[in-house]
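Novice: Quick one: this structure, given as structure tokens, is what I'll be asking you about.
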Amino acid sequence: MAYQDLYAGWQSDPETFWMKAAEQIDWAAPPSQAYFDQGPAGEWFADATVNTCWNAVDRHVEAGRGDQLAIIHDSPITHSYRGLTYGELRDRVARLAGALRDKGVTKGDRVIIYMPMVPEALEAMLACARLGAIHSVVFGGFAAHELAVRIDDATPKAIIAASCGLEPGRVVHYKPLLDSAIEQATHKPDFCVIFQREQEVAKLIPGRDFDWHSFQFDTEPADCVPVEGNHPAYILYTSGTTGQPKGVIRHTAGHLVALNWTMKNIYGIDAGDVFWAASDVGWVVGHSYICYGPLIAGATTIVFEGKPVGTPDAGAFWRVIQNHKVKSFFTAPTAIRAVKRDDPDGELIKDYNLSSLQAVFLAGERADPDTIQWLESHLDLPVIDHWWQTETGWAIAANPFGIETMPVKKGSPSVAMPGYDVRILDDSGQEVPQGTLGSIAIKLPLPPGTLPTLWNAEERFRKAYLERFPGYYETGDAGYIDEDGYLYIMARTDDVINVAGHRLSTGAMEEVLSAHPAVAECAVIGIADSLKGQMPLGFLCLKKGADISDEQVCREVVTMVRDQIGPVAAFKLVCVVDRLPKTRSGKILRGTMVKIANGEDFKPPATIDDPAILDEIAEALKGLGYPRS
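Position 337 of the sequence shown, counting from 1, maps to 337 under UniProt numbering, and the rest follow consecutively.
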């Protein structure tokens, strides 16, 4: 069935569409219907009972595929890799779940997981799901204060952590951060389980802390506990504008149905295939497409403890794809830009046999056309941008590779997926004409697998997502839809700038800058201007070995923006920097750069990868005369 037929089928009868998708899940008691008009935004398969761990692990063993690899751990930092079969994974998860059960963890209890990219992180997630406990994975190495805030919000019975994480050239000491967080938090967990890594053995606090291995010794394995369809599977915290993190909830049944549907229809993955999402378990991509999605589908997932560059070089991605015969690869545009910056001619790609690879998927940050073009030209494969959010848990818009590969329009994540009725609205909530920039909103109800509310914050959920455009979910992104129904994500709504009354997209300007042959990466922000309201300011990172002066490249990109967007953009301010400030998941911190340029007080986000970059940005802005005194 072609995409248009599939989407039309969902539009005409969403209930039948999702009930059919639900047939692929093993239910303890099947749902009587798909959609339930209850809760602040509706719920899916609420009257079913089901267990996520059974669907992700046990059922594949029962089907005779216990010897198939479930997880491959590849760590260029420790120079090692190992595999876990589905049979081994089931036994390890059941034993850990049994130990947690014996310490009093039951259905509905929360467990915080604070771990690096090791298989044990997935085992901890699955062990919680096995018991019906609600896990909350916090990015390993998060600052103690930020971890403490999450402890107080989730009130976990237990915390599962590692002794340390590993970065190129350094060890990140997790245990002191965990101890400090528990000390700061008002809520205290009953106990902690510490996975000791050989690179650093942490000191355990008697009575509270238990060693991962001895904790599970001689424990009876736990069976899967069926839970209601609308039982929370996990809480995942995303940064809030108030500084208080928002706990996105994922309901169990909708999560299973949606992720299973996406693996085949979006990523083209069947049982036995190898799928790699180069992200981290601390982010939504790690939940949906390192842990749950591939395992629900019966595929092999890769847990990679490394970086796109520097472990040891810009060929790291291609080595993993070759060695493990990856079929579909998912990463962030910022990772590809890092590879491109270190290896602009793609010489390292030629060193590897990538014959297993069928497609590359990009998400997490807007994929500029130049990056897609670079990757396409060197891989000769579909490079598919798709767009989604922590809140949605899976793609709002994508090119449905598993159904048909639609024509690629560079700069667009293609078309809305079944379940998403995407509209472009003006500030008054009215739909705008085709091709007009506006706020991207999704007509309610949202599909299965998306957030039904926030943890212990229903009113905040309504205010953040439902209040501005009644009847719609507000995405917070701005863009437009073209004559073929292709969606273009141009900026966060905060990044649409108003220059002398003209609403302009910073993403459109970045698209022009990134097309310059010497530019590896760029960002455009809107800064306060007494005359025009706002003015655009550009930051450029140049490719290694670029044979051009900073002054010349700045002059040339100013001319390019004037030629391609027009004098109305008033684009005159631009500077070259070594690197851009980003979160650990790869998002550029444009809002923080705006505050520095405007001379406003700011607090470095908890998710920032390297706070020292903000000092470099401040110096570059001083050179341009910002902030104005």
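Here a beta-carbon is modelled for each residue, glycine too, at the ideal position from N, C-alpha and C. Please read these numbers as outputs of a predicted model, since none were measured by experiment.
Closest to phenylalanine 539 by C-alpha separation, out of Thr506, Val383, Asn265 and Ala8, would be which residue?
Specialist: Locating residue 539 in the sequence shown gives position 539, where the first residue counts as 1. Nearest of Thr506, Val383, Asn265 and Ala8 to phenylalanine 539, Cα basis: Thr506.
Novice: What are the uninterrupted segments assigned as beta strand (DSSP E) that are 3 or more residues long and contained completely in the region 560-586, given in chain order?
Specialist: Qualifying beta strand (DSSP E) stretches, in chain order: 573-576.
Novice: Measure the C-alpha to C-alpha separation of proline 517 and serine 414 and round it to an integer number of angstroms.
Specialist: Here the question's residue 517 lines up with position 517 in the sequence shown. Here the question's residue 414 lines up with position 414 in the sequence shown. About 26 Å.
Novice: Is it buried or exposed for phenylalanine 217, if we count other Cβ within 10 angstroms and need 16 for buried?
Specialist: What you label residue 217 is simply residue 217 of the sequence shown in a count that begins at 1. Phenylalanine 217 is exposed by the Cβ-count criterion.
Novice: Assign arginine 197 to one of two classes, buried (16 or more other C-beta atoms within 10 Å of its C-beta) or exposed (fewer than that).
Specialist: Sequence index remark: in the sequence shown, residue 197 carries index 197 (1-based). Buried, because 16 or more other Cβ atoms sit within 10 Å of the Cβ of arginine 197.
Novice: Between the region 612-621 and the region 389-398, do at least 3 Cβ pairs fall closer than 8 Å?
Specialist: The region 612-621 is not in contact with the region 389-398.
Novice: Taking only the alpha-carbon atoms, compute the straight-line gap between isoleucine 194 and leucine 425 and give it to the nearest angstrom.
Specialist: Position 194 of the sequence shown holds residue 194. Position 425 of the sequence shown holds residue 425. Rounded to whole angstroms, isoleucine 194 to leucine 425 spans 49 Å at the Cα level.
Novice: Please state the DSSP three-state secondary structure of arginine 462.
Specialist: Within the sequence shown, the letter at position 462 stands for residue 462. In the structure shown, arginine 462 sits in a helix (DSSP, three-state: H, G or I).
Novice: Which residue from Ser549, Asp547 and Val574 puts its Cα closest to that of methionine 560?
Specialist: Translated into positions along the sequence shown, residue 560 becomes position 560. The shortest C-alpha separation from methionine 560 is found at Val574.
Novice: Would you mind reading off the limits of the alpha helix (DSSP H) that contains histidine 324?
Specialist: Here residue 324 refers to the residue found at position 324 when the sequence shown is read from its first residue. Its alpha helix (DSSP H) spans residues 316-324.
Novice: Please confirm whether residue 634 and alanine 28 have their CB atoms less than 9 Å apart.
Specialist: No statement about residue 634 is possible, as the shown extent of the chain runs from 1 to 629 and does not include it.
Novice: With DSSP run on the structure shown, which of helix, strand or coil describes methionine 19?
Specialist: Here residue 19 refers to the residue found at position 19 of the sequence shown. Of the three classes helix, strand and coil, the one that applies to methionine 19 here is helix, per DSSP.
Novice: Between leucine 444 and the ligand NAP, is the CB less than 8 Å from at least one heavy atom?
Specialist: Within the structure as shown, the ligand NAP is missing, as the structure has no ligands at all.
Novice: So, at 6 Å on beta carbons, what are the nonlocal neighbours of glutamate 305 in its own chain, with the 5 sequence-adjacent residues on each side left out?
Specialist: Within the sequence shown, numbered from 1, the residue matching residue 305 stands at position 305. Taken in chain order, the residues that qualify are Ser75, Ile77 and Met117.
Novice: Which of helix, strand or coil does DSSP assign to aspartate 211?
Specialist: The residue labelled residue 211 in the question sits at position 211 within the sequence shown. Of the three classes helix, strand and coil, the one that applies to aspartate 211 here is strand, per DSSP.
Novice: If I measure Cβ to Cβ from tyrosine 486 and keep anything under 7 Å in the same chain, skipping five residues before and after, which residues do I get?
Specialist: On the sequence shown, residue 486 is found 486 positions in, with the first residue counted as 1. Excluding positions up to five away in sequence, the list reads Lys409, Ser412, Ser414 and Val415.
Novice: Consult DSSP for glycine 538 and reduce its assignment to one of helix, strand or coil.
Specialist: Start at 1 with the first residue of the sequence shown, and residue 538 comes out as number 538. Note: glycine 538 maps to strand in three-state DSSP.
Novice: I need the straight-line Cα distance from glutamate 474 to asparagine 399, nearest angstrom please.
Specialist: For the purposes of this step, residue 474 is taken as residue 474 along the sequence shown, with counting starting at 1. For the purposes of this step, residue 399 is taken as residue 399 along the sequence shown, with counting starting at 1. Whole-angstrom Cα-Cα distance: 22 Å.
Novice: Quick one: using the 10 Å Cβ neighbour count with 16 as the cut-off for buried, is lysine 203 buried or exposed?
Specialist: Here residue 203 refers to the residue found at position 203 of the sequence shown. Lysine 203 comes out exposed.
Novice: Who are the near neighbours of glutamate 510 in its chain, counting only those whose CB is closer than 7 Å to its CB and skipping five residues on each side?
Specialist: For the purposes of this step, residue 510 is taken as the residue at position 510 of the sequence shown. Counting only Cβ-Cβ distances below 7 Å, and skipping sequence neighbours, we find Asp368, Cys522, Ala523 and Val524.
Novice: Evaluate glutamine 38 with the Cβ neighbour count: other Cβ atoms within 10 Å of its Cβ, from every protein chain shown; 16 or more gives buried, anything less gives exposed.
Specialist: Here the question's residue 38 lines up with position 38 in the sequence shown. The residue is exposed, with fewer than 16 neighbouring Cβ atoms inside 10 Å.
Novice: To the nearest angstrom, how far is the alpha carbon of glycine 207 from that of leucine 166?
Specialist: Position 207 of the sequence shown, counted from the start, is the residue given in the question as residue 207. Position 166 of the sequence shown, counted from the start, is the residue given in the question as residue 166. Between glycine 207 and leucine 166, the C-alpha separation is close to 27 Å.
Novice: Using only the alpha-carbon positions, how far apart do proline 536 and tyrosine 626 sit?
Specialist: Along the sequence shown, one-based indexing puts residue 536 at 536. Along the sequence shown, one-based indexing puts residue 626 at 626. If you take the alpha carbons of proline 536 and tyrosine 626, they lie about 13 Å apart.
Novice: Between proline 382 and the rest of its own chain, which residues show a CB-CB distance below 6 Å, the 5 nearest in sequence each way excluded?
Specialist: Start at 1 with the first residue of the sequence shown, and residue 382 comes out as number 382. Around proline 382: Ala359 and Thr405.
Novice: What runs of the beta strand (DSSP E), each 3 residues or longer, lie entirely inside the region 380-413?
Specialist: Correct list: 383-385.
Novice: Can you tell me where the beta strand (DSSP E) with histidine 135 in it begins and where it stops?
Specialist: Walking along the sequence shown from the start, residue 135 turns up at place 135. Histidine 135 -> beta strand (DSSP E) spans 134-137.
Novice: Assuming tyrosine 292 is part of the alpha helix (DSSP H), what are its boundary residues?
Specialist: As a working note, residue 292 is residue 292 in the sequence shown. Careful: tyrosine 292 lies outside any alpha helix (DSSP H) and carries neither H nor E.
Novice: The alpha helix (DSSP H) with leucine 178 in it runs from where to where?
Specialist: As a working note, residue 178 is residue 178 in the sequence shown. Unbroken alpha helix (DSSP H) run through leucine 178: 174-184.
Novice: Here's the rule I'm using: 16 or more other beta-carbon atoms within 10 Å means buried, otherwise exposed. How should aspartate 153 be labelled?
Specialist: Taking the first residue of the sequence shown as position 1, residue 153 is located at position 153. It is buried - the Cβ of aspartate 153 has at least 16 other Cβ atoms within 10 Å.
Novice: For asparagine 230 and proline 312, what's the separation of their Cα atoms in angstroms?
Specialist: On the sequence shown, position 230 is the one that residue 230 refers to. On the sequence shown, position 312 is the one that residue 312 refers to. For asparagine 230 and proline 312, the distance between alpha carbons rounds to 44 Å.
Novice: Tell me which residues share the same chain as proline 30 and place their Cβ nearer than 7 Å to its Cβ, disregarding the 5 neighbours each side in the sequence.
Specialist: If you number the sequence shown from 1, residue 30 lands on position 30. Excluding sequence neighbours, proline 30 sits near Ala48.
Novice: Do you know how far the Cα of leucine 177 is from the Cα of threonine 209?
Specialist: As a first step, residue 209 must be located in the sequence shown, where it is residue number 209. As a first step, residue 177 must be located in the sequence shown, where it is residue number 177. Note that residue 209 is aspartate in the sequence shown, not threonine. Using only the alpha carbons, I get a separation of about 14 Å.
Novice: Assign glutamate 183 to buried or exposed, taking buried as 16 or more other Cβ atoms, counted over all protein chains shown, within 10 Å of its Cβ.
Specialist: Counting from one through the sequence shown, the residue named residue 183 turns up at place 183. Exposed, because fewer than 16 other Cβ atoms sit within 10 Å of the Cβ of glutamate 183.
Novice: Output the distance between the C-alpha atoms of glycine 64 and arginine 366, rounded to the nearest integer angstrom.
Specialist: Here residue 64 refers to the residue found at position 64 of the sequence shown. Here residue 366 refers to the residue found at position 366 of the sequence shown. So the alpha carbons of these two residues sit roughly 41 Å apart.
Novice: Measure the alpha-carbon distance for valine 225 versus leucine 259 and round it to whole angstroms.
Specialist: If you number the sequence shown from 1, residue 225 lands on position 225. If you number the sequence shown from 1, residue 259 lands on position 259. The alpha-carbon atoms of valine 225 and leucine 259 are separated by roughly 20 Å.
Novice: For methionine 263, name the three-state secondary structure that DSSP assigns.
Specialist: Within the sequence shown, the letter at position 263 stands for residue 263. Residue state, collapsed to three classes: helix.
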